[in-house]
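Since the structure comes first, as structure tokens, the remarks are kept for the end.
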Amino acid sequence: MNSNSQRLLIPLRQFLKRLTFNILLGVTIITVSLFLGMLGYRHFENLSWIDAYENAAMILSGMGPVLQPKTDSGKIFAGSYALFSGIIFLGVIALILAPVIHRLLHRFHVDEAK
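Quick note: the sequence shown uses the UniProt record's numbering, first residue 1, plus one each step.
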């Protein structure tokens, strides 16, 4: 067997550090994505910062826009941002769950090797 599969799990403290880092990275990605959405709504639809925030946050969370775009460029932006948001959402979920799933799989593998 591979010697890596026989190693014990990393200490809980180190695991929590990794998990915290991934959560902070996920929050950063969501924040940047939200800001990009706000900029897009400000530019293409001339929305106020509050309305741009509301629309971007609703799309990023998967709820859909509050205000429907009125311009063609705004509609193209809204559709593109919705696709982008879906990918970002799934990516951030995967980023946050990766250390947990890795630890579980590693634990099962270590138990199997014993």
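Built from N, CA and C at the ideal position, the CB exists for glycine as well.
- The count of Cβ pairs closer than 8 Å, one atom from the region 52–62 and one from the region 27–35, reaches three, so the stretches are in contact.
- The alpha-carbon separation between A78 and I29 amounts to approximately 19 Å.
- Our two residues, L104 and L9, have alpha carbons roughly 10 Å apart in a direct line.
- Between the region 39–55 and the region 64–79 there are three or more inter-stretch CB-CB distances shorter than 8 Å, so the stretches are counted as touching.
- For I87, the number of other beta carbons within 10 angstroms of its own is below 16, and it is reported as exposed.
- DSSP, read as helix, strand or coil, puts N22 in helix.
- Of T20, L60 and L25, the smallest CA-CA separation from S85 is found for L60.
- Closest by C-alpha distance to V27, out of L16, A82 and V92, is V92.
- Counting C-beta pairs with one atom in each stretch, the region 14–24 and the region 62–69 have fewer than three that are closer than 8 Å, which means they do not touch.
- From the listed residues T31, T20 and L12, the smallest Cα separation to F89 is found for T31.
- Residue range W49 to L60 is occupied by the alpha helix (DSSP H) that includes L60.
- By the neighbour-count criterion, in which a residue is buried when 16 or more other Cβ atoms sit within 10 angstroms of its Cβ, A98 is exposed.
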